[in-house]
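No gaps in the numbering here: position 10 of the sequence shown is 10 in the UniProt record's numbering, and each next residue is one more.
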Amino acid sequence: MKTNRLPILALWASVGITALTGCSKEQEAAAPVGSAASQDVKAEEAFPNQTGTVVAGKLGNEPIVYQKINGENVLEGDIILTASQVNPTGPQTESAGRNTGKWPSAVVYYTIDAALPSQTRVTSAITHWQTYTPVRFVKRTTQSNYVTFRVGSGCSSNIGMIGGRQYINLASGCTTGNTIHEIGHALGLFHEQTRNDRDTYVNILTQNIQSGYENNFVKYSTSGYSGTDFGALDFGSIMMYGSFSFSSNGQPTITKKDGSTFDIQRNGLSTGDRAGIDIMY
Ligand SMILES: [Zn+2]
1 MKTNRLPILA LWASVGITAL TGCSKEQEAA APVGSAASQD VKAEEAFPNQ TGTVVAGKLG
61 NEPIVYQKIN GENVLEGDII LTASQVNPTG PQTESAGRNT GKWPSAVVYY TIDAALPSQT
121 RVTSAITHWQ TYTPVRFVKR TTQSNYVTFR VGSGCSSNIG MIGGRQYINL ASGCTTGNTI
181 HEIGHALGLF HEQTRNDRDT YVNILTQNIQ SGYENNFVKY STSGYSGTDF GALDFGSIMM
241 YGSFSFSSNG QPTITKKDGS TFDIQRNGLS TGDRAGIDIM Y
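#1: Is the beta carbon of G77 within less than 7 Å of some heavy atom of ligand 1?
#2: Can you grab the Cα-Cα spacing for the pair R274 / A186, in whole Å?
#3: Going by Cα to Cα distance, which pick from Y66, S118, L269, G236 is closest to N169?
#4: Applying the 10 Å Cβ sphere with the 16-neighbour rule, what's the burial state of G173?
#5: In the structure shown, what three-state DSSP assignment does I209 receive?
#6: Counting beta carbon pairs with one atom in the segment 72–79 and one in the segment 98–112, are three or more of them shorter than 8 Å?
#7: Measure the C-alpha to C-alpha separation of K256 and S237 and round it to an integer number of angstroms.
#8: Grab me the residues of Y201's own chain with a C-beta within less than 6 Å of its C-beta, minus the 5 sequence neighbours each way, in chain order.
#9: Compute every distance between the C-beta of E214 and the non-hydrogen atoms of ligand 1, then say whether any falls below 7 Å.
#10: Using the rule of at least 16 other Cβ atoms within 10 Å of the residue's Cβ for burial, across every protein chain shown, is G259 buried or exposed?
#11: Can you give the Cα-Cα distance for Y109 and V135, rounded to whole angstroms?
#12: Is E72 close to ligand 1? I mean its beta-carbon at under 7 Å from any heavy atom of the ligand.
#13: Let's test the definition: count the other Cβ atoms within 10 Å of the Cβ of P91 and tell me whether it reaches 16, buried, or not, exposed.
#14: From which residue to which residue does the alpha helix (DSSP H) around R136 run?
#15: Hey, would you say Q210 sits closer than 8 Å to S247, going by beta carbons?
#16: If you count every other CB in all the chains shown that lies within 10 Å of the CB of P63, and 16 or more means buried, which is it?
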């Protein structure tokens, strides 16, 4: 067991982006980089409208449930796990993400595939991250570990730095806000609603969740992750689902404890997101 808690909590819990101030109003100051009616904003999916096979596997030595779609291992809707991450007998599985998942010196090397349309989505998202966090993005030259932004069937990313080339996949419908979210995964963040303490803040209405997507709502502790939750759950986090994300019937999948619904936020990093990243990086 690692005794250094920071990489663990930052990579394997959503705590790195949990609001430390608990003041959701302050996210107004997060300089929205794009705006859309919140009800029109969808949570990110790697393969929209495709149903995969639900697989009970392991991430390192820890049990997880993910979907197998088009040969990819999809966790929480838009996180792509590598073959070695879900193969407990393969090489480099032991705490693969924990030890190698952070980008050294908070520098992410990247390329943008020439075939990707609307590349300002990427450059605007990078500018946003660089404006509000210590993370820096540098065009890759010869570095071996880097992210390539490319065309995808949905919006998706690996979790943390996985070693070698990795991808952030962007379909035409993926916005700058979605791209900011996917970069969050590439930096090592999971979704806010998977916090260990989320039951203090929200009700999960499993009966309204699209079949096969239940694992998007599983707490990291249930999935076997360890971590510590700081502050309060941040409803304004760019890594948080909205009340109607992955609903099968138009009814909410997540409500606040009082039963009220809340909007998904994909305009920019919240105050809590930025505070968490400051701790992580
Ligand atoms: Zn996501």
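We put the CB at the ideal spot given by N, CA and C, even for glycine.
Quick look at the numbers:
#1: On the sequence shown, residue 77 is found 77 positions in, with the first residue counted as 1. G77: yes, Cβ under 7 Å from ligand 1.
#2: Position 274 of the sequence shown, counted from the start, is the residue given in the question as residue 274. Position 186 of the sequence shown, counted from the start, is the residue given in the question as residue 186. Straight-line Cα distance between these residues: approximately 15 Å.
#3: By one-based count along the sequence shown, residue 169 stands at place 169. Of Y66, S118, L269, G236, the residue nearest in Cα terms is S118.
#4: By 1-based counting over the sequence shown, the position of residue 173 is 173. Answer is exposed; the Cβ neighbour count stays below 16.
#5: Residue numbering aside, residue 209 sits at position 209 when the sequence shown is read from its first letter. DSSP places I209 in strand when its eight states are reduced to three.
#6: no
#7: The residue you call residue 256 lines up with position 256 of the sequence shown. The residue you call residue 237 lines up with position 237 of the sequence shown. Cα-Cα distance, rounded: 15 Å.
#8: In the sequence shown, residue 201 corresponds to position 201, counting from 1. The answer, listed in chain order, is L233.
#9: Here residue 214 refers to the residue found at position 214 when the sequence shown is read from its first residue. The answer is no for E214.
#10: Position 259 of the sequence shown, counted from the first residue, corresponds to residue 259. It is exposed - the Cβ of G259 has fewer than 16 other Cβ atoms within 10 Å.
#11: In the sequence shown, the residue the question calls residue 109 occupies position 109. In the sequence shown, the residue the question calls residue 135 occupies position 135. The alpha-carbon atoms of Y109 and V135 are separated by roughly 11 Å.
#12: Counting from 1 along the sequence shown, the entry for residue 72 is found at position 72. Incorrect: E72 has no Cβ contact closer than 7 Å to ligand 1.
#13: Translated into positions along the sequence shown, residue 91 becomes position 91. With a pLDDT of only 42 at P91, under the threshold of 50, the placement of this residue in the model should not be trusted; the figure read from the coordinates follows. Its Cβ having fewer than 16 others within 10 Å, P91 is exposed.
#14: The sequence position of residue 136 within the sequence shown is 136, counting from 1. No alpha helix (DSSP H) contains R136, which is instead part of the beta strand (DSSP E) from 136–139.
#15: If you number the sequence shown from 1, residue 210 lands on position 210. If you number the sequence shown from 1, residue 247 lands on position 247. Yes, the Cβ-Cβ distance between Q210 and S247 is below 8 Å.
#16: Taking the sequence shown and counting its residues from 1, one reaches residue 63 at position 63. Exposed, because fewer than 16 other Cβ atoms sit within 10 Å of the Cβ of P63.
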